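Counting in UniProt numbering, the final residue of the sequence shown is number 319, and the numbers go up one at a time with none missing. C-beta: ideal position from N, C-alpha, C; glycine also. In this text, all values refer to a predicted model and were calculated from it rather than measured experimentally. Just below is one structure, and these are the notes that go with it.
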Amino acid sequence: MSRSTKPKIAISACLLGENVRFNGGHKQSLLCTQTLSDYFDFVPLCPEVAIGMGIPREPIRLVGDPAQPQAVGTVNRELNVTQPLHDYGQQMAQAHTDLCGYIFMQKSPSCGLERVKVYRANGTPVDGGGRGIYAQAFCARHPNLPVEEDGRLNDPVLRENFLTRVFVYATWQKLLAEGLTRHGLLTFHSRYKYLLMAHSPVHYKSLGHLLGSMGKDVDLQALAHGYFSELMAGLKKCATRGTHSNVLQHISGYLKQAISADDKQEMQTVIGQYRQGIVPLVVPLTLLKHHFRQHPDRYIAQQAYLQPHPENLSLRNAI
């Protein structure tokens, strides 16, 4: 993958090892700096530094209504940076329209995506917490953008899910840049059908119906916008061993006229072992790819499900 084709991912600057934390330190993520940096161009951002809070600085925390909290100083309660963080979030969302994902610093009152501590007036935390001020403003402007917190990327399933969505988002942006056509939309959907089936059978059916009933006089731009929003919502659901096994069965059906009875039995055994948690997903996929190299199928060859991200990332070795 050449540098010019790397998808861009915004990231909290502290996760790249930049000393921008309130205490002058960082929260370097080795996953991001040692592994993902080979496949993505990172755009480091730190809203607290950007709005002039300095390094080091007084820590802030969220107080009040969890749906609309205020970001105030932990020592100086007169310090209120809610509006500057909100405005900067909107500003960055408007400036960075070529992103394909965003990795946020967890638990941060500016950047946390979920369960950030929100305190009542008496100092006790609110159940469930809230979302960081900057993150809320940024994400509101890019509702379909794949976003995740750094800590959650340690989970193999969540990591594979997030990065899958990043590459789908990048492919969609390329499609739009080349000029959206009816044929282009249908080809895109055909490529991602089995991937969507693995993540959300419900969205797989609804989007198939949406495109199947597309009339000649349809507003293509409006339909495509609605389609992509639903696609990203479906892909955000984590695929399970059950849904993956269902897709593996569908794809193996394209080999039924090509491989021997013994090979079919081996395929069924390996899919069953995956469903039961005995082997990881990469095992039945490797066997499928082996058979399709021997017996190519044009339709299956275009399916993103078989390789939705670079093989060297090894994202399916642990799920």
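Using 8 Å as the threshold, is the C-beta distance between residue i and residue j below it?
i, j, result
"A224", "L285", "no"
"I9", "C100", "yes"
"R165", "K236", "yes"
"Y119", "R61", "yes"
"M105", "D150", "yes"
"Y254", "I319", "no"
"L163", "L313", "yes"
"Q221", "R141", "no"
"A198", "Y305", "yes"
"T74", "P84", "no"
Residue i by DSSP, collapsed to three states: which one?
i, result
"K117", "coil"
"S108", "coil"
"G130", "strand"
"K205", "helix"
"I300", "helix"
"A258", "coil"
"S190", "helix"
"V20", "coil"
"A135", "helix"
"S29", "coil"
"S213", "coil"
"P125", "strand"
"I271", "helix"
"M1", "Here the model assigns M1 a pLDDT of 44, short of 50, so the residue's position is not dependable, and the following value carries that caveat. M1 falls in the coil class under three-state DSSP."
Have a look at residue i and residue j and give me their C-alpha separation to the nearest angstrom.
i, j, result
"D65", "P146", "26 Å"
"H203", "V168", "15 Å"
"R298", "W172", "22 Å"
"L195", "G129", "33 Å"
"L281", "L158", "15 Å"
"P308", "K193", "12 Å"
"N144", "H250", "28 Å"
"A258", "F40", "39 Å"
"M267", "Q294", "15 Å"
"K6", "L287", "29 Å"
"D87", "S37", "29 Å"
"V81", "K174", "37 Å"
"D217", "L180", "15 Å"
"P69", "L79", "14 Å"
"Y227", "R191", "14 Å"
"Q32", "N122", "Checking the sequence, you will find Cys at residue 32 rather than Gln. Rounded to whole angstroms, C32 to N122 spans 38 Å at the Cα level."
"Q28", "A233", "30 Å"
Can we count residue i as close to the ligand COA, meaning its CB is less than 7 Å from some heavy atom?
i, result
"L287", "With respect to the ligand COA, the structure offers nothing, as it holds no ligand at all."
Are any of the Cβ atoms in chain B nearer than 8 Å to that of residue i?
i, result
"V49", "As a matter of chain content, chain B is missing from the structure shown, which is built from one protein chain."
- [ ] Could you say if the region 269–287 and the region 226–246 meet the contact criterion of at least three C-beta pairs nearer than 8 Å?
- [x] yes
- [ ] Output the residue ranges of the beta strand (DSSP E) runs that lie fully inside the region 36–101 and measure 3 residues or longer, sorted by chain position.
- [x] 41–45, 60–63, 70–73
TODO: Kindly confirm or deny that the region 97–111 and the region 39–59 touch, where touching means at least three C-beta pairs closer than 8 Å.
DONE: yes
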